[in-house]
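Each number in my numbering corresponds to the 1-based position in the sequence shown with 197 added. Note that beta-carbon positions come from the ideal geometry of N, C-alpha and C, so glycine has one too.
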Amino acid sequence: MAHVVMTLGVLALALAQGGFRLALPGLAPQAPLRSVCEGRNVSPAVVPLEVPARTQSLALIFWDSLRGTLIARWLVYDIPPAARLSPGLPRTALLAHGVKQGQNGLGRLGYDAPCQPGVYQLDLYALDVPSLGLPPGATLREVKAAIQRHRLAEAIQKVRLQR
Numbered sequence: 198m199a200h201v202v203m204t205l206g207v208l209a210l211a212l213a214q215g216g217f218r219l220a221l222p223g224l225a226p227q228a229p230l231r232s233v234c235e236g237r238n239v240s241p242a243v244v245p246l247e248v249p250a251r252t253q254s255l256a257l258i259f260w261d262s263l264r265g266t267l268i269a270r271w272l273v274y275d276i277p278p279a280a281r282l283s284p285g286l287p288r289t290a291l292l293a294h295g296v297k298q299g300q301n302g303l304g305r306l307g308y309d310a311p312c313q314p315g316v317y318q319l320d321l322y323a324l325d326v327p328s329l330g331l332p333p334g335a336t337l338r339e340v341k342a343a344i345q346r347h348r349l350a351e352a353i354q355k356v357r358l359q360r
């Protein structure tokens with residue numbers, strides 16, 4: 198039986214406003230896979246860089262658009278602007294320092310790793326409020342509506358999953 202090797206690598210910054218961007222330590226071509234469904238389904242580390250000065254919090258959405266519709270695989274909000282998301286966050290609605298995770302597109306809390314080869318996208322939003330005012334476990338619709346009201350800047354990072 199042949200083994201299938203899956204790699205998840207960073208493609209490029211698709212959009213960065215005023216230098217605002219995100220780094221994904223550990224996601225590099227041929228890196229050991231922990232952040233895919235055939236790996237350990239571990240959420241990746243996310244490091245915000247050059248966060249705009251007026252930012253009071255951050256929000257993150259990890260998108261899957263392979264089936265022609267956008268599905269959120271990970272939804273995190275009320276992130277302090279100087280915070281880094283560590284790899285392997287637990288599947289709980291409330292994390293340390295008031296950080297919250299919402300319901301992803303599969304109706305679960307936390308990170309659900311990509312499975313199919315293709316391009317995935319992480320959107321990191323700089324926000325003008327310290328909290329979106331939503332409870333832990335909010336839906337994508339609720340989080341997106343709150344982001345739209347408070348967005349200062351957005352950084353987009355695309356990643357490719359290949360076999």
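Cβ neighbour criterion (16 or more within 10 Å) applied to residue i
i	result
residue 345	exposed
residue 241	buried
residue 332	exposed
Local conformation of residue i per DSSP, three classes
i	result
residue 357	strand
residue 290	coil
Endpoints, alpha helix (DSSP H) assigned at residue i
i	result
residue 342	337 to 347
N- and C-terminal bounds of the beta strand (DSSP E) containing residue i
i	result
residue 274	268 to 276
residue 220	218 to 220
residue 327	Counting along the chain, residue 327 falls outside any beta strand (DSSP E), and DSSP gives it neither H nor E.
Residue i - partner residues in DSSP beta bridges
i	result
residue 318	260, 355
residue 246	218
residue 283	None, per the DSSP bridge assignment.
residue 254	324
residue 310	Looking at the DSSP assignment, residue 310 forms no beta bridge with any residue, so it has no partner.
Residue i Cβ short of 8 angstroms to the ligand FMN heavy atom set
i	result
residue 336	Annotation note on the ligand FMN: not contained in the displayed structure, which lists no ligands.
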